[in-house]
Amino acid sequence: MSVFGSLSSGLHRLQPEAFGVDPSGERLARIRRSPHFKDGVFQNPGGEARIRPSGSTLEFAKVFFDKEERPRRSPQGTIPVHPTTLADIAKPPVTGLRLTWMGHSSVLAEIDGHRVLFDPVWGERCSPFPFVGPKRLHPVPLPLAALGPVDVVVISHDHYDHLDMPTIKALADTDTLFAVPLGVGAHLEHWGVSADRLRELDWHEATKVGGLTLTATPARHFCGRGLRNTQHTLWASWVVEGEAHRVYHSGDTGYFDGFKEIGAAHGPFDATMIQIGAYSDFWPDIHMTPAEGMRAHLDLQGGPSAGPMLPIHWATFNLATHAWAEPGEGTVAAARAEGARIALPRPGEPFEPTAETVPGEPWWRTAAAAPAEGWPAAELVTEAAIKTTSEAAARAQRDTAGSEGEGSGEPEVVPAG
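This is the structure in structure tokens:
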């Protein structure tokens, strides 16, 4: 073996386990057969997306290390986390659908008697190292062991703030199944999840877990965990449909026209979970602003009268240069402008999206630095944030009546690997 070969082998052995592994064997062959894989990498819908800060490194550094702006990127007080207890989630939801936002993009969805856990991150840092990297701004609402049985864990992509090795290792000792985009299964197997518990999907493929149908749908983002990023793992948004309810989780994505197509094929939804944080002018193609998130929600729902939007991917980790409270305030403003329903639960606060009302208080204001001009009037916030569901129910009835007589729509069941 050459000196360079020995060095490469040594570095490989030293790399953190959290880096995961590259896909190989039949998994890699399947990736190469994907219609979304070309020129050695997965392709984004809508063309190439900028995945690194545009402009000069110096320009980005000036913004990132600005002494006046940096304090605004973190809460000034204690984030009001709801102390989720077993009693909160032990009784079945009255409406058949309940969501509990655990912070960032982690959401427990209880849907028609089944439990789905999206992008669970219980670690203290979203990093391959326990001593450096973005640290939690609030504690997890409850221990992972107290969550109870989960039917399926859904992963949107392999970035550290969505795929957390300690959390996956803890869940590997349970009976849960995992639905992941193509290639991501390699990481999970490396961390102890058996291949027979994986459902690894390309975009537009679906699998059944009990009474649920899970469909991987397109997103505009990228992938990678290690120093040598091979771009061989896919990223996805997800549709989960039960017997009576359906929800959508965006994962990480920039805005693109595909939301309308997803909505036409699978919507409208009883709730959407939409990324509205960690956006920046330095990477405009891969994360949405609150206004873009609202636009995506309306595309998915076909208008403002369907189920509410739950803003995710914010408040838990400091991952961008915007003010900590800005995603929440921006979402409220976007909802008010469009007359759309949003849900604003505190981290850990369960709510039922199809109930008559949903949480609507701007809870982050108790922890954030107030703007110089003060916060907008509270009544303007609640007016947009809380509405009855009569219009949504009427729309759902019309859609159901209009779909009678159509085909069964049974999805293709895709094997793991």
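In this text, residue positions in the sequence shown follow the working numbering: the first is 0, and each later residue adds one.
Glycine included, each C-beta is placed from N, C-alpha and C at the ideal position.
G46: buried (16+ other C-beta within 10 angstroms of its C-beta) or exposed?
exposed
Cβ-based burial, A393 [other Cβ within 10 Å; buried from 16]:
For A393, the predicted structure reports a pLDDT of 43, less than 50, and the residue's modelled location is therefore unreliable. The matter cannot be settled from this model.
Can we say the segment 79–88 touches the segment 320–335, given the rule of at least three CB pairs closer than 8 angstroms?
Contact fails: fewer than three Cβ-Cβ distances are below 8 angstroms.
Exposed or buried, which one is W313 when buried takes at least 16 other CB atoms within 10 Å?
buried
Use the C-beta contact count for S155: other C-beta atoms within 10 angstroms, 16 or more gives buried, fewer gives exposed.
buried
Would you decide whether T77 is buried or exposed? Buried here means 16 or more other CB atoms lie within 10 Å of its CB.
exposed
For W282, name the three-state secondary structure that DSSP assigns.
If DSSP states are grouped into helix, strand and coil, W282 belongs with coil.
Per DSSP, which one or two residues make a beta bridge with L162?
For L162, which the question treats as bridged, DSSP gives no partner whatsoever.
Identify the continuous beta strand (DSSP E) that holds F128 and give its terminal residues.
Taken as a continuous stretch (DSSP letters only), F128 belongs to no beta strand (DSSP E), as it is neither H nor E.
Contacts around L176, its chain only, beta-carbon distance under 8 angstroms, and the 5 residues preceding and following it disregarded:
D150, V151, V152, R196, L197, R198 and V208
Please work out which residues of its chain come closer than 8 angstroms, Cβ to Cβ, to P148, disregarding the five sequence neighbours upstream and downstream, and give them in chain order.
R114, T173, D174 and T175
Taking Cβ positions, are A108 and L98 nearer each other than 8 angstroms?
yes
If I follow the unbroken beta strand (DSSP E) through H113, where does it start and stop?
Per DSSP, H113 belongs to the beta strand (DSSP E) from H113 to F117.
The alpha helix (DSSP H) that contains G184, what's its start and end?
G184 to H189
Can you tell me which of the three DSSP states P180 falls into?
strand
Roughly how many angstroms lie between the CA atoms of P370 and Y278, to the nearest whole one?
One C-alpha to the other measures close to 20 angstroms.
Check whether the Cβ atoms of L318 and D160 sit closer than 8 angstroms, and answer yes or no.
yes
Same chain, Cβ closer than 7 angstroms to V20, neighbours up to 5 away in sequence not counted
A185, H186 and H189
Which word fits Q75, buried or exposed, when buried means at least 16 other C-beta atoms lie within 10 angstroms of its C-beta?
exposed
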